[in-house]
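**Q** Residue numbers (the working numbering): 12 to 599.
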Amino acid sequence: MSSSGISRRRFVHGATLAAAATGIFAPAGWALTSPPGRRVAVLGGGMAGLAAAHELAERGYSVSVYEPTALGGKARSMGVPGTADDGRMDLPGEHGFRFFPGFYHHVPDSMRRIPVPGNANGVWDNLVDATDSKSERTGGRPDATLFGMLPDPRQALTPDGLRRILVEEILKQQGVKPWEAEFFVNRLIVFLTSCDERRFGQWERTAWWDYVRAEQYSQEYRTVVARGLTRSLVAAKEEVASTRTIGNMAEAFLMNIMGRGNDGALDRVLNAPTNEAWIDPWVHHLRGLGVGFHLGQRVEALQTGGGRITAARLRDRTGGTTTVRADWFVCAMPVERVSELLTPELLALDPSLAELRRLFVDWMTGIQYYLRESVSITHGHITFVDSPWALTALTQGQFWAGRNFRADYGDGNVADCLSVDVSDWDTPGILFGKPAKECTPDQIASEVWAQLKAHLNDEGEVVLADELLHSWFLDPGIVWRPEAGRNTNDTPLLVNTVDSWSRRPNAVTAIPNLFLAGDYVRTNVDLATMESANESARAAVNGLLDAADSNAERARMYQLYRPPEFEPFKEADAQLFAAGLPNAFDRP
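1. Assign aspartate 597 to one of three DSSP states: helix, strand, or coil.
2. Starting from the C-beta of threonine 94, find all residues in its chain whose C-beta is less than 6 Å away, skip the five residues before and the five after it, and write them out in chain order.
3. Going by DSSP in three states, tryptophan 483 sits in which element: helix, strand or coil?
4. By how many angstroms is the C-alpha of tyrosine 531 removed from the C-alpha of alanine 539?
5. Rounded to a whole number of angstroms, what is the C-alpha to C-alpha distance between leucine 357 and glycine 318?
6. Give the range of the alpha helix (DSSP H) segment to which alanine 73 is assigned.
7. Quick one, are the C-beta atoms of proline 446 and proline 452 less than 8 Å apart?
8. Looking only at its chain, what residues have a beta carbon closer than 6 Å to the beta carbon of arginine 238, apart from the 5 residues adjacent to it on each side?
9. Would DSSP call glutamine 379 helix, strand or coil?
10. Could you tell me whether the Cβ atoms of leucine 325 and threonine 332 are closer together than 8 Å?
11. What residue from Glu478, Asp537 and Pro593 has the CA that sits closest to glutamate 262's CA?
12. On the DSSP bridge list, what partners appear for leucine 306?
13. How many Å lie between glycine 16 and histidine 296 at the Cα?
14. Evaluate contact between the segment 271-283 and the segment 138-146, counting only Cβ atoms and requiring at least three cross-stretch pairs below 8 Å.
15. Taking tryptophan 219 as part of the beta strand (DSSP E), name the residues at either end of that continuous run.
16. Taking C-beta to C-beta, are valine 386 and threonine 403 nearer than 8 Å?
17. State the Cα-Cα distance for the pair lysine 581 and methionine 58, rounded to the nearest angstrom.
18. Mind checking whether methionine 344 and serine 434 have CB atoms under 8 Å apart?
19. Expressed to the nearest angstrom, what Euclidean distance is found between the alpha-carbon atoms of methionine 266 and glycine 272?
20. Taking the C-alpha atoms as reference points, what is the distance between tryptophan 436 and valine 223?
21. Measuring only the C-alpha atoms, how far is arginine 369 from proline 516?
22. Distance check for tyrosine 77 and glutamine 308, CA to CA, integer angstroms please.
23. Kindly identify the DSSP beta-bridge partner or partners of alanine 426.
24. Across the segment 114-127 and the segment 82-98, are there enough close Cβ pairs to call them in contact, namely three or more that are closer than 8 Å?
25. For asparagine 500, which residues in the same chain have their Cβ closer than 6 Å to its Cβ, ignoring the five residues on either side in sequence?
26. Rounded to the nearest angstrom, what separates leucine 61 and alanine 52 at their Cα positions?
27. Less than 8 Å between the C-beta atoms of valine 134 and proline 292, yes or no?
28. Determine the closest residue to aspartate 171 out of Phe202, Glu470 and Asp510, with distance taken between C-alpha atoms.
29. Do the segment 344-353 and the segment 378-397 meet, that is, are 3 or more Cβ pairs less than 8 Å apart?
30. Taking its Cβ as the centre, do 16 or more other Cβ atoms sit within 10 Å of threonine 329, making it buried, or is it exposed?
31. Which residues in the same chain as asparagine 424 place their Cβ atom closer than 8 Å to its Cβ, once the five residues preceding and following it in sequence are excluded?
32. Since alanine 90 is in the beta strand (DSSP E), which residue starts that stretch and which ends it?
33. For methionine 58, does the three-state DSSP call read helix, strand or coil?
34. Distance, Cα to Cα, threonine 354 vs aspartate 327?
35. Below 8 Å on the Cβ atoms is my contact criterion, and I expect valine 236 with phenylalanine 195 to pass it. Report the Cβ-Cβ distance as a whole number of Å.
36. Considering only residues of the same chain and omitting the five flanking positions on each side of lysine 85, which have a CB-CB separation below 6 Å?
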C-alpha cells in the first residue's frame, strides 16, 4: 500500500483508464482542439519536458508531449523485467538514486502542485529527510566526514575507532595535511568573495584542478579536494570543470549545511521508487489538465518555413513517421539529441545553436544490488572516497516506510536495494584493471561490488558478504558491444567544462516559436540536475508567454541563496577585477 492508502496496482489501473479517456493512445500528431496560437508540442518527456507541460497546461495551453523511451527520463524508476513473482511487482531499478538537497526550489515547487490523496502538500510530502551520511575509506582508515577531508569524530566513541583516528590519521599523517587544508580554505574564501564579473570572467575560464593547485599538493589532497568534490558530489571532471561551476555548487552546499535559503532539510530522498512517489502522480495530474502523451516517438527533424518552425518529423518504434504541427515548440531533449537536429536550414535561423555541438557529455550511471537481508550503514548517502570509479550509494528500503520489500517486490527473497552511482567510467578498476567503459555488464557488477567491499569490509567487520547478494541491475542505457570491446551509453549527462557557459544557450532562441529546456541550458544550478532541468523549463515557458504576448502569470523563478555578509567583499572585488587586480584574498 502507498502512504495514501491506495495500492500501486489500483493507481496504475486507474491511471490507465484515465489515459484512455484523455487520448494518450491516440495516433501520433494528435492534439487537443484549442484556439489558434495555443498548441504546444513538447519534444521530450523527461524532467524538463514534464515541467514545461505542467506550467503550460496550468495556463490553458493545449500541450502534447512526444517521448521516445519513457516519461521521467533519467529520473524515472523502472521495473527489472522478469523479476516479479506471486503477485509482487518487479524489483525497482533506476538510472541512479535520487537526491534532493535543501537548496532545490524549482522541483519542490512543482511537487507541491502535484496532488496525492492524503498529502496536504502533494508529492512534496513524499520527500523524506536523510539525516546522516558517511564517507568510507579503505586500508583500515576511519570513516570520514566532509567527503573524506576529516575523520568522523563519532569514530572516537569506540576503542577501535579512536585507535584508527590516532594511529592511521594523526601518527601516520595519511589525511589532508594542515597546510593543505588551510590553503583549500583560502581558495573557498577567494571564491565566496569573488564578484560575479570575476566568476564569469576569470573562474569560468579556470579549471577546478588548477584553481585548487592540485598538482602542488599530496595525493590525498587530490583525492579528497580535487576529485572528491567533483566526481563524487556533482559528477564533474576535476581537470576540465570550471571553477565557477564547482564553486557555485560548493557555495550552495555550504549554505545548505547552514540551513540558509533552503526549501527543506539538508538532504532528502523519496519514500518509494521514483515513479510510484513522483512520476506516476505527475503524469496522472497532467493528463487531468489535458496534456496528451505520445510514447515511442523520436524526433528526427525540425522543419522550417517563414523564419519559424513549421513542424516536427517523428519516427515511431515500427519505423513509421508522422508530422506534428503546432504553434509553439519546446525542445526538451538531451543536448546530444538536439545537436542531431541542427540542419543548415535551422542554423540559418539561429547560428548560435551550432555551439551546442561543442558541449561535452559523459557518463554517470547507476547499478542496483538487491540484498537478501538489509544492511545498516547510515541513514543517508554514502561516499566511497577511495573507489577508482568514484562510487556513491544509498540503501533505499530504510526510507520506504510504506513498502515491504519482500512482500511488494521480486520473488520474496529481497529485503533491500543498495543503489550505487558510478561517476568515473575512465579509470581502471581494482579487479580487471579496466575502466568501466571497457567492462562487460558482469564485470561492472563484480568490479563495483569489490570496490564497495573494500570500503565496508575490513579487519574482521563484514558489512557486505557475498551471500547477501541476490541479483543486480545495470542501467539499460549501458549496452555492451562485443565487436568494439566497450560499452555505449544512451543516457549520458552534460559535463560542464572550462568556458562552456559561452557555448550554452538561453531557453529563448532566435527562432520565435522554438524554446529550449534541458540541463544544458543556462541556469542558476549550473549542473546536470533535476533542478536545472526544471528551471530551464520554466524559463522556456516564460519565453513562450512573452512571445505570445500572454497575460498569464509567469512561472516562478528562484535564485540560489546569496549570503549578504559577502556582498561588501564582492563590491570591493568588482573594483579590483575592473582594474585587472586579483581578489584581495588571493595569494601566489
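We treat Cβ as the ideally placed atom computed from N, Cα and C, and that holds for glycine.
**A** Inspection of the coordinates gives the following:
1. In the sequence shown, counting from the first residue as 1, residue 597 sits at position 586. DSSP places aspartate 597 in coil when its eight states are reduced to three.
2. Your numbering for residue 94 matches position 83 in the sequence shown. Taken in chain order, the residues that qualify are Asp101, Leu102 and Gly421.
3. Here residue 483 refers to the residue found at position 472 when the sequence shown is read from its first residue. The answer is strand: DSSP assigns tryptophan 483 an E or B state.
4. Translated into the one-based positions of the sequence shown, residue 539 becomes position 528. Translated into the one-based positions of the sequence shown, residue 531 becomes position 520. Those two C-alpha atoms are separated by around 7 Å.
5. If you number the sequence shown from 1, residue 357 lands on position 346. If you number the sequence shown from 1, residue 318 lands on position 307. In a straight line, the C-alpha of leucine 357 is about 9 Å away from that of glycine 318.
6. Indexing the sequence shown from 1 puts residue 73 at position 62. Going by the sequence as given, residue 73 is serine instead of alanine. No alpha helix (DSSP H) contains serine 73, which is instead part of the beta strand (DSSP E) from 73-78.
7. Position 435 of the sequence shown, counting from 1, holds the residue named residue 446. Position 441 of the sequence shown, counting from 1, holds the residue named residue 452. Not closer than 8 Å, so no.
8. Against the sequence shown, residue 238 aligns to sequence position 227. Residues of the same chain with a CB within less than 6 Å of the CB of arginine 238, apart from the 5 flanking positions on each side, are Glu249 in chain order.
9. As a working mapping, residue 379 is identified with position 368 in the sequence shown. For glutamine 379, the secondary structure class from DSSP, reduced to helix, strand or coil, is strand.
10. Here the question's residue 325 lines up with position 314 in the sequence shown. Here the question's residue 332 lines up with position 321 in the sequence shown. It is a contact, given that the beta carbons lie within the stated cut-off.
11. The sequence position of residue 262 within the sequence shown is 251, counting from 1. Nearest option by C-alpha distance: Asp537.
12. Here residue 306 refers to the residue found at position 295 of the sequence shown. Partner residues in the beta bridge of leucine 306, as assigned by DSSP, are Glu78.
13. Indexing the sequence shown from 1 puts residue 16 at position 5. Indexing the sequence shown from 1 puts residue 296 at position 285. Because the pLDDT of glycine 16 is 36, which lies under 50, any placement of that residue in the model is unreliable, and the number read from its coordinates should be weighed accordingly. Spanning the alpha carbons of glycine 16 and histidine 296 requires a straight line of approximately 18 Å.
14. These segments touch.
15. Position 208 of the sequence shown, counted from the start, is the residue given in the question as residue 219. In the DSSP annotation of this structure, tryptophan 219 is not part of any beta strand (DSSP E); the continuous alpha helix (DSSP H) holding it starts and ends at 219-222.
16. Working through the sequence shown from its first residue, we reach residue 386 at position 375. Working through the sequence shown from its first residue, we reach residue 403 at position 392. Taking 8 Å as the Cβ cut-off, valine 386 and threonine 403 do not qualify as a contacting pair.
17. Locating residue 581 in the sequence shown gives position 570, where the first residue counts as 1. Locating residue 58 in the sequence shown gives position 47, where the first residue counts as 1. So the two alpha carbons sit approximately 34 Å from each other.
18. As a first step, residue 344 is located in the sequence shown; it is residue number 333 there, counting from the start. As a first step, residue 434 is located in the sequence shown; it is residue number 423 there, counting from the start. No; because the gap between Cβ atoms is not below 8 Å, this pair is not in contact.
19. Sequence index remark: in the sequence shown, residue 266 carries index 255 (1-based). Sequence index remark: in the sequence shown, residue 272 carries index 261 (1-based). Roughly 7 Å separates the two Cα atoms.
20. Taking the sequence shown and counting its residues from 1, the one referred to as residue 436 is at position 425. Taking the sequence shown and counting its residues from 1, the one referred to as residue 223 is at position 212. When rounded, the distance between both Cα atoms is 23 Å.
21. Counted from its first residue, the sequence shown places residue 369 at position 358. Counted from its first residue, the sequence shown places residue 516 at position 505. Rounded to the nearest angstrom, the gap between the Cα atoms of arginine 369 and proline 516 is 12 Å.
22. Here residue 308 corresponds to residue number 297 of the sequence shown, with the count starting at 1. Here residue 77 corresponds to residue number 66 of the sequence shown, with the count starting at 1. Glutamine 308 and tyrosine 77 have their C-alpha atoms roughly 6 Å apart.
23. In the sequence shown, counting from the first residue as 1, residue 426 sits at position 415. In the DSSP output, where bridge partners are listed per residue, alanine 426 has none listed.
24. Cβ pair count under 8 Å is below three, so no.
25. The residue given as residue 500 occupies position 489 in the sequence shown. Around asparagine 500: Trp374, Gly488 and Ile489.
26. Along the sequence shown, one-based indexing puts residue 61 at 50. Along the sequence shown, one-based indexing puts residue 52 at 41. Each residue's alpha carbon lies about 12 Å from the other.
27. Numbered from its first residue, the sequence shown carries residue 134 at position 123. Numbered from its first residue, the sequence shown carries residue 292 at position 281. Valine 134 places its beta carbon less than 8 Å from that of proline 292.
28. Here residue 171 is taken as the residue at index 160 of the sequence shown, counted from 1. For aspartate 171, the nearest C-alpha among the options comes from Glu470.
29. No: fewer than three Cβ pairs fall under 8 Å.
30. Here residue 329 is taken as the residue at index 318 of the sequence shown, counted from 1. Result: exposed.
31. Here residue 424 refers to the residue found at position 413 of the sequence shown. Excluding positions up to five away in sequence, the list reads Arg383, Arg417 and His481.
32. To locate residue 90, count along the sequence shown from 1; it is residue 79. Note that residue 90 is glycine in the sequence shown, not alanine. Residue range 88-90 is occupied by the beta strand (DSSP E) that includes glycine 90.
33. The count along the sequence shown starts at 1 and reaches residue 58 at position 47. Helix at methionine 58.
34. By 1-based counting over the sequence shown, the position of residue 354 is 343. By 1-based counting over the sequence shown, the position of residue 327 is 316. The C-alpha of aspartate 327 is placed about 21 Å away from the C-alpha of threonine 354.
35. Here residue 236 is taken as the residue at index 225 of the sequence shown, counted from 1. Here residue 195 is taken as the residue at index 184 of the sequence shown, counted from 1. Indeed, because the Cβ distance is near 5 Å, the residues count as touching under 8 Å.
36. The sequence position of residue 85 within the sequence shown is 74, counting from 1. Once the five neighbours on either side are set aside, the close Cβ partners of lysine 85 are His106 and Thr502.
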